[in-house]
Amino acid sequence: MKVVFVDRDGTLSLEGGYCHPHDFQLAPWAAEGIRLLNQHGLPVIIVTNQTGIAHGRFTVKELLCCFARMIMELSQQNAFLEGMLFQAARDLNLTIRDCFMVGDAGYSDMRAGSAAGCKTVLVLTGWGKSSLLQYREDWANIEPDKIVETFLDAAKWIVSAVPKQLLTTPSSTRIIEL
């Protein structure tokens with residue numbers, strides 16, 4: 002099964018880096034990009050490295066409330082998520098190398114996707130531009146498969162990159178909760 006892993010901050014939101022859950026807002030293109038992938042049978046799974054928890058800036062409970070709010074807002078726009086990375090391999094029986102990783106940070110998102118064997122897409126929102134222009138030496142051995150402006154552009158490229166016979170219309174959509 003092909004799935005699309007998507008970094009949250011800076012990819013689905015305008016802000017990259019530390020974003021307190023109370024301040025999280027979806028970018029204007031987020032729901033449309035997720036909906037496009039959903040319409041082509043490509044599940045979307047959020048992956049996020051929330052160092053704000055480790056630094057005491059917010060709690061796990063606050064983060065989970067943010068995820069619940071995000072899932073509700075997306076579902077109101079007919080865009081659905083399948084779950085979180087740590088559940089994905091087990092719950093969806095994934096072969097990671099058949100998947101895509103979309104994110105704004107070369108050092109973390111592109112490295113993680115590349116190490117897992119995913120096709121990688123760097124978006125220039127959030128930390129994307131600075132990751133590419135100022136911090137490229139931190140992930141110099143990794144070349145994204147595609148560099149695009151926004152997550153919606155990434156979704157369009159992914160749909161075009163997957164052979165048409167592998168794209169399907171999903172019969173149902175699941176939301177896997179923590």
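Per the numbering used here, residue 2 is the first one in the sequence shown, and the count goes up by one each step.
By construction, the Cβ of each residue, glycine as well, lies at the ideal position given by its N, Cα and C atoms.
Local Cβ density within 10 Å of Ala12, reported as buried at 16 or more and exposed below that: Note that residue 12 is Thr in the sequence shown here, rather than Ala. When all chains shown are included, Thr12 counts as buried.
Which of the three DSSP states is assigned to Met102 in this structure? strand
Between the beta-carbon of Val7 and the beta-carbon of Val103, is there less than 9 Å? yes
How about Ala155 and Val124: are their beta carbons less than 9 Å apart? Contact flag set, yes.
Write down the C-beta distance between Met71 and Leu27 rounded to the nearest angstrom, noting that I regard them as a contact closer than 8 Å. 7 Å
Rounded straight-line distance, which links the Cα of Lys130 to that of Ser14: Taking the straight line joining both Cα atoms gives about 15 Å.
Can you tell me which residues form a DSSP beta bridge with Asp154? Asp154 pairs with nothing; no bridge assigned.
Just curious, the alpha helix (DSSP H) that Ile35 is in, first and last residue? Unbroken alpha helix (DSSP H) run through Ile35: Ala31 to Gln40.
Smallest Cα separation from Ala1: which of Glu33, Trp140, Phe59 and Gln135? Residue coverage of the chain in this structure runs from 2 to 179, which leaves residue 1 outside it and unanswerable.
First and last residue of the beta strand (DSSP E) that includes Leu123? Taken as a continuous stretch (DSSP letters only), the beta strand (DSSP E) holding Leu123 covers Lys120 to Val124.
Limits of the beta strand (DSSP E) - the one that Lys147 falls within: Lys147 to Val149
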